[in-house]
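**Q** Below is a structure I'd like to ask you about.
There are 2 protein chains.
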Amino acid sequence: MEVILLKKPNIVILGAGYGGMITATRLTKQIGHDANITLVNKHDYHYQTTWLHEPAAGTLSPERTRMPINSVLDLNKIKFVKDEVQEIKREEKKVVLSNGELEYDYLVVGLGSEAETFGVPGVHEHAFSKWTVNGAREVKEHIEYMFAKYNNSPEKKDELLTVIVAGAGFTGIEFIGELSERVPELCAHYDIPREKVKLYVIEAAPTALPGFDPELVEYAMNLLESRGVEFKINCPIKEVTETGVSLANGDEIKASTIVWATGVRGSSIIEKSGFEAMRGRVKVEPDLRAPGHEDIFIIGDCALLINEEINRPYPPTAQIAMQMAEVCASNIKSLMTGGSLKTFTPDIKGTVASLGGKEAIGVVGSRKLFGTSANFMKKMIDNRYLFLLGGPGLVLKRGKNPM
Amino acid sequence: MEVILLKKPNIVILGAGYGGMITATRLTKQIGHDANITLVNKHDYHYQTTWLHEPAAGTLSPERTRMPINSVLDLNKIKFVKDEVQEIKREEKKVVLSNGELEYDYLVVGLGSEAETFGVPGVHEHAFSKWTVNGAREVKEHIEYMFAKYNNSPEKKDELLTVIVAGAGFTGIEFIGELSERVPELCAHYDIPREKVKLYVIEAAPTALPGFDPELVEYAMNLLESRGVEFKINCPIKEVTETGVSLANGDEIKASTIVWATGVRGSSIIEKSGFEAMRGRVKVEPDLRAPGHEDIFIIGDCALLINEEINRPYPPTAQIAMQMAEVCASNIKSLMTGGSLKTFTPDIKGTVASLGGKEAIGVVGSRKLFGTSANFMKKMIDNRYLFLLGGPGLVLKRGKNPM
Numbered sequence: 005m006e007v008i009l010l011k012k013p014n015i016v017i018l019g020a021g022y023g024g025m026i027t028a029t030r031l032t033k034q035i036g037h038d039a040n041i042t043l044v045n046k047h048d049y050h051y052q053t054t055w056l057h058e059p060a061a062g063t064l065s066p067e068r069t070r071m072p073i074n075s076v077l078d079l080n081k082i083k084f085v086k087d088e089v090q091e092i093k094r095e096e097k098k099v100v101l102s103n104g105e106l107e108y109d110y111l112v113v114g115l116g117s118e119a120e121t122f123g124v125p126g127v128h129e130h131a132f133s134k135w136t137v138n139g140a141r142e143v144k145e146h147i148e149y150m151f152a153k154y155n156n157s158p159e160k161k162d163e164l165l166t167v168i169v170a171g172a173g174f175t176g177i178e179f180i181g182e183l184s185e186r187v188p189e190l191c192a193h194y195d196i197p198r199e200k201v202k203l204y205v206i207e208a209a210p211t212a213l214p215g216f217d218p219e220l221v222e223y224a225m226n227l228l229e230s231r232g233v234e235f236k237i238n239c240p241i242k243e244v245t246e247t248g249v250s251l252a253n254g255d256e257i258k259a260s261t262i263v264w265a266t267g268v269r270g271s272s273i274i275e276k277s278g279f280e281a282m283r284g285r286v287k288v289e290p291d292l293r294a295p296g297h298e299d300i301f302i303i304g305d306c307a308l309l310i311n312e313e314i315n316r317p318y319p320p321t322a323q324i325a326m327q328m329a330e331v332c333a334s335n336i337k338s339l340m341t342g343g344s345l346k347t348f349t350p351d352i353k354g355t356v357a358s359l360g361g362k363e364a365i366g367v368v369g370s371r372k373l374f375g376t377s378a379n380f381m382k383k384m385i386d387n388r389y390l391f392l393l394g395g396p397g398l399v400l401k402r403g404k405n406p407m
Numbered sequence: 005m006e007v008i009l010l011k012k013p014n015i016v017i018l019g020a021g022y023g024g025m026i027t028a029t030r031l032t033k034q035i036g037h038d039a040n041i042t043l044v045n046k047h048d049y050h051y052q053t054t055w056l057h058e059p060a061a062g063t064l065s066p067e068r069t070r071m072p073i074n075s076v077l078d079l080n081k082i083k084f085v086k087d088e089v090q091e092i093k094r095e096e097k098k099v100v101l102s103n104g105e106l107e108y109d110y111l112v113v114g115l116g117s118e119a120e121t122f123g124v125p126g127v128h129e130h131a132f133s134k135w136t137v138n139g140a141r142e143v144k145e146h147i148e149y150m151f152a153k154y155n156n157s158p159e160k161k162d163e164l165l166t167v168i169v170a171g172a173g174f175t176g177i178e179f180i181g182e183l184s185e186r187v188p189e190l191c192a193h194y195d196i197p198r199e200k201v202k203l204y205v206i207e208a209a210p211t212a213l214p215g216f217d218p219e220l221v222e223y224a225m226n227l228l229e230s231r232g233v234e235f236k237i238n239c240p241i242k243e244v245t246e247t248g249v250s251l252a253n254g255d256e257i258k259a260s261t262i263v264w265a266t267g268v269r270g271s272s273i274i275e276k277s278g279f280e281a282m283r284g285r286v287k288v289e290p291d292l293r294a295p296g297h298e299d300i301f302i303i304g305d306c307a308l309l310i311n312e313e314i315n316r317p318y319p320p321t322a323q324i325a326m327q328m329a330e331v332c333a334s335n336i337k338s339l340m341t342g343g344s345l346k347t348f349t350p351d352i353k354g355t356v357a358s359l360g361g362k363e364a365i366g367v368v369g370s371r372k373l374f375g376t377s378a379n380f381m382k383k384m385i386d387n388r389y390l391f392l393l394g395g396p397g398l399v400l401k402r403g404k405n406p407m
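Protein chains in written order, with the numbering used here: chain W, 5 to 407; chain Z, 5 to 407.
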């Protein structure tokens, strides 16, 4: 009798964001016990980055934006390691963590993004730039502390009530939308006259929400201005200081709260591990593998993908990360079983930006959406993600009521 | 026909605290339109100082501790002036406000108290010492901001999670009671291990809750220690610094939140106006008038009253302020109508200190109360005040359910 010992391959997934979580659910279903699957994440929870403007502004509990990883994944089929990735040792096929190492046969890198500062001094020291559960909570508590401080200090410094959002992209607009909607409530709670609160959105580019239809951009700006938001477009920030921002035009704006939202770059682990990358993003092969690596898939915000139609990279979105995850899981299965690998093509179903309250703007197919219909679509998108991740049960448990 | 022009006397009440509000309600009822009654207060709301440990710890909305003055007083019978008192010009019989002056025939001074620092340096700069609605809100928001900051900073500084309460008197104990009860909830919300949170109560005197029965003090300390509170008794604070406190014994404790609750002194307006006073408190005549002044009554925390039995001043409490207000209103009426003036004698009905959750300790008559029965009594006392102020309607609207 001949015994063939088959060593099961080790599949390691780094990061429990949109890409990592969808990859994990698909692999546990499609491969199950034919491989040792391990998910590594810094926290024992997954969170929905695209919802974080709400807890940051204080309009949603941060608990609503996260879920324990063990509540979504079947830990009989996948091992979860709560640890922080330090480096990927590509030659040795292993991952160095803060408290150990993991060997892999197949690696999925879904390490997400970091704030892009564009070299502006003072961002890390004086601005809030981490768009995470921890980061969002700190922004919320900081703003409330500043409002509480105002009336309790004899000087009543106006800058305590000034919030600057650097960047009029998706994140900046969605955040100021929530915050501007909440300001009247904050003013009532802390006995502050509404006119004392100043909200600025400062953008270096010549338009807010670049890439969006101009009619939608105008709708959004008009709406936000009607709630007291002041836009400074085409207005680069030179420096962030302890007391506010210095603009390239020489002006200074005093503010106690500065939220940095000028866009993201890929995880710095990418460069630290020696991958060739642009701002932390690796230009992946059509099958989502890193160039020159048969065994490493890179998905989500660390993957750079060119939109051939306009010869510019696709923006790093949750939608694309999730679609990449589906292809990545399928390709790993093919590598294990000998099938052919799929080519990734994004299928942009639509984009909706919420503006706080019942307001939003968006594009679905070629259709422009405004106000409540866009808001409805936004909630549908949020719920659809929960459906993709955990089926109808998760939508019922954690979804947003679109009524 | 002979016409006699009678000039109505001007009665001016300074401060809408316990003393001022009860005086105002009694005078409007007993004197009504026979005098021009004016109430001056910094805010357009009255608040219950003795409830403030709850919003400061975040266990009750600050809204529950205050009420608009016009919701309690009948503004057809009393004029309300929202302004800040600067000085009492006794010779000219007028009061200087930030935005004007008021002449009086009878003056009631109920300006309340300020924190007593005992000359310890750094209190005003680095500790929270204002026990007001604004002050309580700032303490709450500061603690939450520090908790939120902890996980979002790479260093995870332990002192962010340390709260020092200076003073183990009534206010300090009630505050740490609420806070210690809330800590598990804060830890869950901000993902903080409970053992990282340090709560200190530091007291210079040889006992916590001086004047309370030793058995009750022991009950309170044991209970609070079981919730993780560390007491340092007989341990004077030498200085409050930007990073914590320096103790007289040479130790230092790092802490981001320092709450100063070592007791109060009377309003500094008292000394500024030339009254002879000890720590802002005027030793009043038995009829509650300031010595040498026929027309000035001083009540509440600005009045000093000796308890002859133990030859020490009565503590400045809401209970005594309210009892003073009744006598003060009656004596003003007598001055106007020619009756004889009453002598004030405090009638201490009992004292209860809440310890957070369903816990409290107290003395009612000669009976000691612990736990839920003391807690029940505390809520009854809070409700009884509302009854005295605004009748059963106010209890129903704003009271605490003692179940």
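All C-beta atoms, glycine included, are put in the ideal place defined by N, C-alpha and C.
Can you look up Z:W264 in the DSSP assignment and give me helix, strand or coil?
**A** Looking at Z:W264 - three-state DSSP - the assignment turns out to be strand.
**Q** Do W:W264 and W:A119 come within 8 Å of each other at the CB atom, strictly closer than that value?
**A** Result yes, Cβ atoms of W:A119 and W:W264 sit closer than 8 Å.
**Q** Compare the C-beta of Z:G139 with all C-beta atoms of chain W and state if any pair is closer than 8 Å.
**A** At least one chain W Cβ lies under 8 Å of Z:G139.
**Q** With a CB to CB cut of under 7 Å and the five nearest residues on each side skipped, what residues in its chain are close to Z:S344?
**A** Within the same chain, Z:S344 has close Cβ partners S338.
**Q** Quick check: what's the CA-CA separation for W:T175 versus W:F216?
**A** If I take the Cα positions, the gap works out to 14 Å.
**Q** From Z:I177, Z:D162, Z:F179, Z:G342, pick the residue whose C-alpha is nearest to that of Z:I196; which is it?
**A** Among Z:I177, Z:D162, Z:F179, Z:G342, the Cα nearest to that of Z:I196 is on Z:D162.
**Q** State yes or no: is the C-beta of W:L373 within less than 8 Å of the C-beta of W:N335?
**A** Not in contact: W:L373 and W:N335 (Cβ atoms no closer than 8 Å).
**Q** Can you give me the C-alpha to C-alpha distance between W:E159 and Z:R141, rounded to a whole angstrom?
**A** If I take the Cα positions, the gap works out to 17 Å.
**Q** Using 8 Å as the cut-off, can you tell me whether the stretch 227 to 243 of chain Z makes contact with the stretch 144 to 155 of chain Z, which would need three or more C-beta pairs spanning the two stretches below that distance?
**A** Flag = no, the stretch 227 to 243 of chain Z and the stretch 144 to 155 of chain Z do not touch.
**Q** Report yes if the C-beta distance between W:I15 and W:Y108 is below 8 Å; otherwise report no.
**A** Taking 8 Å as the Cβ cut-off, W:I15 and W:Y108 qualify as a contacting pair.
**Q** Of all Cβ atoms in chain Z, is any one closer than 8 Å to the Cβ of W:E58?
**A** No, its Cβ sits nowhere closer than 8 Å to a Cβ of chain Z.
**Q** Contact criterion: CB-CB distance below 8 Å. Does Z:H146 meet it with respect to chain W?
**A** True, the Cβ-Cβ gap to chain W drops below 8 Å.
**Q** When the distance is taken between beta carbons, is W:I17 closer than 8 Å to W:V112?
**A** Yes, they are a contact pair.
**Q** Compile a chain-ordered list of the residues in the stretch 185 to 199 of chain W whose CB is closer than 7 Å to at least one CB of chain Z.
**A** The residues in question are Y194.
**Q** Distance cutoff 8 Å, beta carbons only. Does W:K153 sit that close to anything in chain Z?
**A** It does; some Cβ of chain Z falls within 8 Å.
**Q** Closer than 7 Å by beta-carbon distance: list the chain W residues that pair up with Z:K134, in chain order.
**A** Going along chain W in sequence order, the residues near Z:K134 (Cβ under 7 Å) are N156.
**Q** Any chance you could list the alpha helix (DSSP H) runs of at least 4 consecutive residues sitting entirely within the stretch 174 to 236 of chain Z, in chain order?
**A** Fully enclosed alpha helix (DSSP H) runs of 4 or longer: 174 to 194, 218 to 230.
**Q** Would a check of beta-carbon distances place Z:Y51 closer than 8 Å to chain W?
**A** No, Z:Y51 does not count as interfacial toward chain W.
**Q** What residue range is occupied by the uninterrupted beta strand (DSSP E) comprising W:M71?
**A** Element bounds for W:M71: 70 to 72.
**Q** Where does W:T376 sit, in a helix, a strand or coil, going by DSSP?
**A** Correct three-state label for W:T376: helix.
**Q** Just the C-alpha distance for W:T245 and W:T121, rounded to the nearest angstrom, thanks.
**A** When rounded, the distance between both Cα atoms is 14 Å.
**Q** W:E159 CB to nearest chain Z CB: under 8 Å?
**A** No, no contact with chain Z.
**Q** Look up Z:P317 in the DSSP assignment and say whether it is helix, strand or coil.
**A** Three-state DSSP puts Z:P317 in a strand.
**Q** For a contact meaning CB atoms closer than 7 Å, what does W:I142 contact in chain Z?
**A** Note that residue 142 of chain W is Glu in the sequence shown, not Ile. Simply A152, K153, N156.
**Q** Between which two residues does the alpha helix (DSSP H) carrying Z:Q90 extend?
**A** Segment 89 to 93 is the beta strand (DSSP E) holding Z:Q90; no alpha helix (DSSP H) there.
**Q** Under the three-state reduction of DSSP, which class applies to Z:E145: helix, strand or coil?
**A** Helix, per DSSP.
**Q** Any idea if Z:E4 is buried or exposed, counting beta-carbon neighbours within 10 angstroms, 16 or more meaning buried?
**A** Since the first residue shown for chain Z is 5 and the last is 407, residue 4 of chain Z is missing from the structure and cannot be characterised.
**Q** Along chain Z, which residues have their Cβ under 8 Å away from the Cβ of W:Y149?
**A** Chain Z residues near W:Y149: E142, E145, H146, E148, Y149.
**Q** Taking Z:K33 as the reference, which of Z:A60, Z:K81, Z:P218, Z:K353 has the closest Cα?
**A** Cα-wise, what sits closest to Z:K33 is Z:K81.
**Q** Per DSSP, what kind of secondary structure is W:R285 in: helix, strand or coil?
**A** DSSP places W:R285 in strand when its eight states are reduced to three.
**Q** Assuming contact is defined by CB atoms lying nearer than 8 Å, are Z:P72 and Z:D48 in contact in what I supplied?
**A** Against a cut-off of 8 Å, the Cβ pair of Z:D48 and Z:P72 comes out as a contact.
**Q** Excluding the 5 residues flanking Z:F179 on each side, which residues of the same chain have their C-beta closer than 7 Å to its C-beta?
**A** Taken in chain order, the residues that qualify are H57, A60, A61, V169, V263, A265.
**Q** Within the continuous beta strand (DSSP E) that includes W:V100, where are the two ends?
**A** Where W:V100 is concerned, the enclosing beta strand (DSSP E) stretches over 98 to 101.
**Q** Determine contact between the stretch 302 to 321 of chain W and the stretch 264 to 281 of chain W, defined as no fewer than three beta-carbon pairs at a distance below 8 Å.
**A** The stretch 302 to 321 of chain W, when compared against the stretch 264 to 281 of chain W, does touch it at the 8 Å Cβ threshold.
**Q** Which of the three DSSP states is assigned to Z:Y108 in this structure?
**A** Note: Z:Y108 maps to coil in three-state DSSP.
**Q** Which residues in the same chain as Z:Q3 place their Cβ atom closer than 6 Å to its Cβ, once the five residues preceding and following it in sequence are excluded?
**A** The structure shown has nothing for residue 3 of chain Z, since chain Z only spans 5 to 407.
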